[in-house]
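Chemist:
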């Protein structure tokens, strides 16, 4: 694992909270998109290529869902944050099996992270309803400020706990010596770009999201072997 400086730790503290605020519509400036998150992490940790390659995967995973109305899509922001951070810190080895393992565990963790998203939205809704019941006027700024703070804390706590779980998982998984494809092979980069486009097209299929993920996963698996 690469050494991490105090300034980088401070950056991660504020950055994880900031992208959570953006995702929960506190800012809504698209900074929370996985490709943007991974790019910034790549710049800060001086390995933008590896960060963008893994961030690109979670960008098209996020494209499998179209946010409609009040639908809460799965937290691909966490996917981009945790996976790209694991990549630039050397937690994930640059070979196909380790990358796929990291994608799998991160994708699974996206489910409980998304539940935390729903939980914090419910807390905000409760606070608003409580204010309405009590007929509390001119309380909007206080509620907005509290919502922003809660969203920030959610990012700092949940995103980094998720990253730590990935770290523990990959620490033991790396003991398995399987080296098939090097991440820095240009052919692999082209394959990821093609898969990105495939993920974008899959979002328009009118089938269950789980079936979309299975279909995308099978395509990735076949692609790795080819």
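Numbering (my numbering), first residue to last: 2 to 227.
Note that beta-carbon positions come from the ideal geometry of N, C-alpha and C, so glycine has one too.
These figures come from a predicted structure and were not determined experimentally.
#1: Express the C-alpha separation of residue 173 and residue 18 in angstroms, rounding to a whole number.
#2: Give me the Cβ distance between residue 167 and residue 97, rounded to the nearest whole Å; I'm assuming they're in contact under 8 Å.
#3: Is residue 77 helix, strand or coil by DSSP?
#4: Please report how far the alpha carbon of residue 37 lies from the alpha carbon of residue 144, in whole angstroms.
#5: Short check: CB of residue 78 to CB of residue 117, under 7 Å?
#6: Under the rule that 16 or more other beta-carbon atoms within 10 Å means buried, what is residue 150, buried or exposed?
#7: DSSP three-state label for residue 16, please.
#8: Using CA coordinates, which residue listed in 21, 75, 171, 170 is at the minimum distance from residue 111?
#9: So for residue 6, helix, strand or coil by DSSP?
#10: 7 Å is my cut-off, CB to CB: does residue 82 come that close to chain D?
#11: So, using beta-carbon positions, are residue 59 and residue 40 closer together than 7 Å?
#12: Using alpha carbons as the reference points, say which of 44, 106, 159 lies closest to residue 121.
#13: Can you tell me whether residue 91 is helix, strand or coil according to DSSP?
#14: Would residue 6 be called buried (16 or more neighbouring beta carbons within 10 Å of its own) or exposed?
#15: Quick one: what's got a C-beta closer than 7 Å to residue 157's C-beta in the same chain, skipping five residues either side?
Modeler: Quick answer:
#1: Taking the first residue of the chain shown as 1, we reach residue 18 at position 17. Taking the first residue of the chain shown as 1, we reach residue 173 at position 172. Counting only the Cα atoms, residue 173 lies some 28 Å from residue 18.
#2: As a working mapping, residue 167 is identified with position 166 in the chain shown. As a working mapping, residue 97 is identified with position 96 in the chain shown. Residue 97 and residue 167 do not touch by the CB rule: their CB atoms are close to 17 Å apart, not below 8 Å.
#3: Numbered from its first residue, the chain shown carries residue 77 at position 76. DSSP, reduced to helix, strand and coil, places residue 77 within a helical segment of the structure shown.
#4: Residue numbering aside, residue 37 sits at position 36 when the chain shown is read from its first letter. Residue numbering aside, residue 144 sits at position 143 when the chain shown is read from its first letter. For residue 37 and residue 144, the distance between alpha carbons rounds to 29 Å.
#5: Taking the chain shown and counting its residues from 1, the one referred to as residue 78 is at position 77. Taking the chain shown and counting its residues from 1, the one referred to as residue 117 is at position 116. Taking 7 Å as the cut-off, the beta carbon of residue 78 is found no closer than this to the beta carbon of residue 117.
#6: As a first step, residue 150 must be located in the chain shown, where it is residue number 149. Label assigned to residue 150: exposed.
#7: Stepping through the chain shown from its first residue, residue 16 is reached at position 15. Of the three classes helix, strand and coil, the one that applies to residue 16 here is helix, per DSSP.
#8: Here residue 111 refers to the residue found at position 110 when the chain shown is read from its first residue. It is 75.
#9: Numbered from its first residue, the chain shown carries residue 6 at position 5. If DSSP states are grouped into helix, strand and coil, residue 6 belongs with coil.
#10: Absent from the structure: chain D. Only one protein chain is present.
#11: Numbered from 1 along the chain shown, position 58 holds the residue referred to as residue 59. Numbered from 1 along the chain shown, position 39 holds the residue referred to as residue 40. When the beta-carbon positions are compared, residue 59 and residue 40 stay at least 7 Å from each other.
#12: The sequence position of residue 121 within the chain shown is 120, counting from 1. Nearest neighbour of residue 121 by Cα position, chosen from 44, 106, 159, turns out to be 159.
#13: Taking the first residue of the chain shown as 1, we reach residue 91 at position 90. Taken through DSSP and simplified to helix, strand or coil, residue 91 comes out as coil.
#14: Taking the first residue of the chain shown as position 1, residue 6 is located at position 5. Residue burial is scored here from C-beta neighbours: residue 6 has fewer than 16 other C-beta atoms within 10 angstroms and is therefore classed as exposed.
#15: The residue labelled residue 157 in the question sits at position 156 within the chain shown. So the list reads 14, 17, 18, once near-sequence residues are dropped.
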